[in-house]
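*Asks:* Protein chains in written order, with this note's numbering: chain H, 6 to 430; chain V, 6 to 430; chain P, 6 to 430; chain B, 6 to 430.
#1: Taking all protein chains shown into account, do 16 or more other C-beta atoms lie within 10 angstroms of the C-beta of residue 125 of chain V, making it buried, or fewer, making it exposed?
#2: Taking the runs of the alpha helix (DSSP H) that are 4 residues or longer, which of them lie wholly in the segment 201 to 282 of chain H?
#3: By how many angstroms is the C-alpha of residue 96 of chain H removed from the C-alpha of residue 335 of chain H?
#4: From residue 289 of chain B to residue 182 of chain V, what distance separates their C-alpha atoms?
#5: So which residues of chain V does residue 315 of chain H contact, with C-beta pairs closer than 7 Å?
#6: Considering Cα atoms alone, identify which of P:347, P:366, P:159, P:222 is closest to residue 7 of chain P.
#7: Excluding the 5 residues preceding and the 5 following residue 148 of chain P in the sequence, name in chain order all residues of the same chain whose CB lies nearer than 6 Å to its CB.
#8: For the pair the segment 159 to 170 of chain B and the segment 86 to 96 of chain B, tell me if three or more CB-CB distances fall below 8 Å.
#9: If you pair each beta-carbon of the segment 413 to 427 of chain P with each one of the segment 39 to 56 of chain B, do three or more pairs fall below 8 Å?
#10: Kindly say whether residue 249 of chain H, judged by its beta-carbon, lies nearer than 9 Å to any beta-carbon of chain P.
#11: Would you decide whether residue 113 of chain V is buried or exposed? Buried here means 16 or more other CB atoms lie within 10 Å of its CB.
#12: Under the three-state reduction of DSSP, which class applies to residue 186 of chain B: helix, strand or coil?
#13: Where does residue 287 of chain B sit, in a helix, a strand or coil, going by DSSP?
#14: Quick check on this structure: which residue in B:331, B:342, B:396 has the alpha carbon closest to the alpha carbon of residue 64 of chain B?
#15: Please identify the residue among H:267, H:310, H:307, H:204 whose C-alpha is closest to the C-alpha of residue 387 of chain H.
#16: Please say whether residue 262 of chain P and residue 294 of chain P have beta carbons closer to each other than 9 Å?
#17: Would you please verify whether the beta carbon of residue 289 of chain B is less than 9 Å from any beta carbon of chain P?
#18: Rounding to the nearest angstrom, what Cα-Cα distance links residue 172 of chain P and residue 236 of chain B in this structure?
#19: How many whole angstroms separate the CB atoms of residue 251 of chain H and residue 327 of chain H, which I take to be in contact at a CB cut-off of 8 Å?
#20: Taking Cβ-Cβ distances shorter than 7 Å, what residues in chain H pair up with residue 175 of chain P?
#21: Indicate whether at least one CB of chain P lies closer than 9 Å to the CB of residue 3 of chain H.
#22: Excluding the five sequence neighbours on either side, which residues of its own chain have a C-beta within less than 7 Å of the C-beta of residue 429 of chain B, listed in chain order?
#23: Of all the options V:306, V:178, V:76, which has the alpha carbon lying nearest to the alpha carbon of residue 270 of chain V?
#24: I'd like to know whether the C-beta of residue 267 of chain H is nearer than 9 Å to at least one C-beta of chain B.
#25: Report the CB separation of residue 218 of chain P from residue 366 of chain P in whole angstroms; it is logged as a contact under 8 Å.
#26: Jot down the residue ranges of each uninterrupted beta strand (DSSP E) in the segment 36 to 65 of chain V, minimum 3 residues, whole runs only, in chain order.
#27: Is any beta-carbon of chain B found at less than 9 Å from that of residue 403 of chain H?
#28: Against residue 283 of chain P, what residues of chain C qualify as contacts under a CB-to-CB distance less than 7 Å, listed in chain order?
#29: Using 9 Å as the limit for Cβ to Cβ distance, is residue 232 of chain H near chain P?
#30: Considering only C-alpha positions, which residue in the set P:351, P:317, P:325, P:378 is nearest to residue 339 of chain P?
#31: Taking any Cβ of chain P, which residues in the segment 324 to 344 of chain H have a Cβ under 9 Å from it, in chain order?
#32: Using beta-carbon positions only, say whether residue 153 of chain P and residue 177 of chain P come within less than 9 Å of one another.
#33: Is residue 346 of chain V close to chain H? Criterion is C-beta to C-beta, closer than 9 Å.
#34: Looking at the unbroken beta strand (DSSP E) that takes in residue 336 of chain H, where does it start and where does it end?
#35: For residue 22 of chain H, is the beta carbon positioned less than 8 Å from some heavy atom of the ligand NAP?
#36: Kindly indicate which three-state DSSP category residue 428 of chain V falls into: helix, strand or coil?
Structure follows, in structure tokens:
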């Protein structure tokens, strides 16, 4: 591999993805361009309904929004053929089968952006250098543009070494990591069911450029809950008794949710982030929508929080004689890196000699749905790990001024390639 | 009749009952003495389980309290034989059957006191003249002592005129009018099922001595609700997730109850009067008890308030995973005086010539469970009315300084006797 | 007057106003065209800051919205000169001074539309006949288009009779009657301070065509309250203690507002109609906006409800350490028609002989801010009245299918002209 | 020392104290008997107002309760002279000054019982052997009877060795450790201001007989809050607007308290343990009393919880127009054992050779107000430690069937004496 050439390519790719950020389940341009490129490289690509279990999908926008975004993607350079294959569902796997017996190694990359308005001041490099987001209110301020580029770089690197490898490597490009929306449906479709090794990696996360973290742990289990209360409207002055007040039910639920008792088994977090209810000042509100999040330090704590939240929502609805529709808009679990894989990865990365420091572990404190893949692989005896790729950043993740140190991308590619090669030798 | 002699007797009786006030369902002394007296006069008395439908009883104390009060009553001069007949349930009817065909006329008198501490200053006549309450925390500060005396006076008056009457007269002495606890169970036992006429009367109520009100109306329908939440205790610091918090459920219910939407059909009132919950500062409360009241200007409004209250209580329990036991501790309905009976009563009372003023109607704004008797009688084609007997009073009803003008009792007897005689002629 | 010609004109005018509905404080086209027409007729017109007390203005949109609507009005045919005179504030008075001594008679007409989407099916006459609303989301579905036309008709009728009149007549065209936003600021500017008589009239209101109501009463006093809570955002999982939760404050306030105790002085209504709070699922909400309404059967009840609401809002803010900004977006009071003016109007209307039925009074049960003018006029010894002009309607007021019976407009003009002439003779 | 003789004495003493348990600030019998005994031994005793800063007292009962308990204590064998010296405030220090230069060593023993009803079945040793509690509802089920006995044993042991010691030893007998009520006021009076070393010890706590814990840590900082809401009563049906509802304020506060956001700095606990409000079903409640507890893993977290709780209480009161009286009924802080003192104590205890196992540390997870003494001593450069004395127990602490293994008391005496002697050599 000519890593200097590849580095220039990664930067070019990253800036293209950065300019066209797409949020969860709407990564039509991104997904179609990845598919085209990986097929061109010689990978066997499966995408859309081939890799998504629709019954397990969480937090996907309405069909109307989907349709609008397919048009938007086409107008922004999506590949029409690849896009059609998706049948409305983003996500793909790309497999290289060496033909030789050996392990199945899966790597996960996430494609979606966050719903943040990118900074437009000239001090922000993407703006200054002309690759800032053209999609209003959307921005790759979590670094998934870099993840996608790294994934494509790893694909090139491994293909160039394919004659020296044994077994299969499978690159997973996942939709909707933000809000823990996409991994579960791919996991349920079975994309890691035969994997012996699973690896995921995140850029940044408080770790500076030059550092590689072997075992990023401490992901909180989480559920993202959407609750919609439906009541009966009535004139608040003329016939208040005819109403069924969805706004009061939602307010009562909110206080109940924030009052759920803590758990001795670990930290717990519950938040009602948004509440929108009612139509007019003098009308008893017949509709209220809440976006809620529960988190737990352990799966047990998270399940307690979720089941109590459902009780609270249902009880509140009953109190006010309204209906409540509760749906999961996302879900993540906890994970632990497999010690043997951590050890092997450490050897490979240290041997590379390109990182200033290799750390054993870090504590995330956020949520991540690659944990579903990790659990599944470990549940059938495989090994799984989550790496951290240090990068200096210009602002916190999810901030409109966030930018990564593009120079670390090539190091990430080399690390993942080296570890994979060691596993497949 | 020698009304001067009777007046002295009424005052003597009233002062005796005043000294031994008994609250709802505990009127053992009062009831046994009335029974003895009316049997002595020649009335056919039924009492206890003969006149109470136990399945319909509301707000009766525990058997332990009943047993203690039977002993108390015996020690205060109750008639042992009559008391035994009651089998623990106060209430009686006393009938005079003339043997001649004619209407059935029912009159209702209530026997219970209120839970108020009587004033002990010498400026309060009962204290000064030595007939104030000997039962701590209990006081006849609603005038039912006068009602009982009037009932006994009416019994004497009618018995002395029995040869001139046709049909039957039935005197109903009801337990637990306070909190609307006693009438319903007597009504359900059928004590007015054959009544052609029903009359009840209250002393005072904002009307001065010398005035007789023919049609006291405006009673609010009401339900008295007891709610008990039962959860699971837990150490609030060490294992909060193991608790099921009855205190939080009760607080949520309280806010929900006070938030029940008003009704366009008439005034509505809801009150959580008392809330007692929890055992210790550092224990998640596993018990909470609430005493609640709903009222409505119409039966429809009252039923709306009650059914919404039950929804709120059940939903709150569901929210916190606790159980709730909801029971009615009392209930009253609305009523309207029958116009023809009001007219006839007006003729009779005006003819007596003993009242300075006879008023057509008054508006109560409180609740009264004689309304159940009125509804039942009217429902089978009978006529019913509620009178007001004016009396100067020394303090508002239910106040520890309340005292009536004893001189009006004899006028009340004469009015009721005169109206009854007119109906039975 | 040629009333047949005038009727055609009224219909033409009403359909023009109907096509260009403008909501509260944005009636720039409507107001400028009325001004031009009345000046042309010979009335002395005052408008904008001449008739509005800016310190008393309630519920006026932001200056940005004002500016945008001025442009919109110009593009829809507003009179540029008249519009400029307004200085951004809609509202006008038009006076005819006979020069002869006599009373000052004021008539109020309201100009604003409601925020309702007009029906677009061909069964709806405005759509079928091509005069439906061109302003999306706005519709004259309360009949103020007819009120404006009637006002212009009355102006013509009175001007044609000016030689026979004594005193002055003042036509008041008010902004923002919906939500009780506009009358108060005109009243505070003094536009009825010298009025001996005040009259207002509403079309429809449940009364059919051919009926005239002399005394439309029962307006509820009301306050429209906007509350905005401002807190501090924080990551709900990483640093929850750093947030100040505006959403929780608003939910607590909502339960508190709906729990305000009823008032024995008359009906009371409180409603939180809308609540919008928060930005993201995992962010502690730093903002919450509520639209609230309080109403009372009497001014005392309304003031109690309002002052308690303010207490609740401030206390909730304090509980959660957030700020709350409370503003009145509208306000109305109660009123009673002056008996002598009702009598005189009855004579005049019956003498006209154009109504099938003349009713003494009706009970509104809604709110109306002409009540401020009525109170002010009566407070200095004048007389005031609110008429009802019956009209068959195709759907309830504030419904997108609402349409009036245009034939009643000319009768409304003749009634108001006749009453005014009688007062000014 | 004859430790066999002393052991018999300790058991005798402990059973006497066990039979006469006294709760916080009411330890009049206990305190007077300790004073008498220590003076007899030759200690210089200070007690009552000499050792209590009254301005810092928390959670002390009313003067009426104090007076009643002084009489009760006298009737149960309190020393009248010592009792009089207390001036109503329990607590004492007993000092032995060797007259030789050396360190000041303070040891803390707590005297109060808990409000638990002792088990009366014969399987419970205190009942079976005749030394169970004679004070209804009170029981030494936390082991402070053993602590007092150990303290007296230590006093004897040290006095017998006084010739070999240097410096001063001060024995602190503290009132009201339960609910963290007593230590703060003694600390504020300065009883450890000159201490170079401070030691406290607890029996049991999940550690079996034969084990000594050198550094019992993990005490949660806590505040015990009493809140009393005072409103205005009113008839809930006749004049609801006249009431100021303390019950609604308390319910709102309860939901607000349980909704206080968690803290990223460590575990936090908030509990409303009891709520008692209202007088009658149809009366708007004018009074509500809450017992609340806040806890935090660090002092910062505890202070956050406390200050937010106060905000919530005050805001709730404002919402409902009622007053709230907030008082601290107790308070504890966190602590860490001083490493050097832990080390020295370890040497001394291991050298004794009487414990089967000596553990370095344990994690408490409860609260303890000896932490105030520890903080104060460490703040001026002294060293402090909290020991655990293992004991088999028959039921959890604060349970009516709790009993200790009396055999461990003598080991506790020997350990404390040995450590103290080492420090004072």
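The beta-carbon is built from N, C-alpha and C at its ideal position, and this holds for glycine as well.
*Replies:* In this structure, then:
#1: With fewer than 16 other CB atoms across the displayed protein chains lying within 10 angstroms of its CB, residue 125 of chain V is exposed.
#2: Whole alpha helix (DSSP H) segments, 4+ residues: 251 to 263.
#3: 16 Å
#4: Going by the C-alpha atoms only, they are around 21 Å apart.
#5: Residues of chain V passing the Cβ test: none, with the nearest at roughly 10 Å.
#6: Nearest C-alpha to residue 7 of chain P among P:347, P:366, P:159, P:222: P:159.
#7: 208, 209, 409
#8: Counting C-beta pairs closer than 8 Å gives fewer than three between the segment 159 to 170 of chain B and the segment 86 to 96 of chain B, which falls short of the contact rule.
#9: no
#10: No, residue 249 of chain H lies away from the interface with chain P (no Cβ there is under 9 Å from its Cβ).
#11: buried
#12: coil
#13: In this structure, residue 287 of chain B counts as coil in the three-state DSSP scheme.
#14: B:331
#15: H:204
#16: no
#17: yes
#18: 57 Å
#19: 5 Å
#20: Going along chain H, no residue has its Cβ under 7 Å from residue 175 of chain P, so there is no contact; the nearest lies around 31 Å.
#21: Since the first residue shown for chain H is 6 and the last is 430, residue 3 of chain H is missing from the structure and cannot be characterised.
#22: Excluding positions up to five away in sequence, the list reads 107, 108, 110, 170, 171, 172, 174.
#23: V:306
#24: Interface residue, yes.
#25: 7 Å
#26: 49 to 52
#27: no
#28: Included in the structure are the protein chains H, V, P and B, with no chain C among them.
#29: Not closer than 9 Å to any Cβ of chain P, the Cβ of residue 232 of chain H fails to qualify, so no.
#30: Residue nearest to residue 339 of chain P within the set P:351, P:317, P:325, P:378 is P:378 (criterion: CA-CA distance).
#31: 334, 335
#32: Taking 9 Å as the Cβ cut-off, residue 153 of chain P and residue 177 of chain P do not qualify as a contacting pair.
#33: no
#34: 328 to 337
#35: For the ligand NAP, the structure offers nothing, since it holds no ligand at all.
#36: Secondary structure at residue 428 of chain V: helix, using DSSP grouped into helix, strand and coil.
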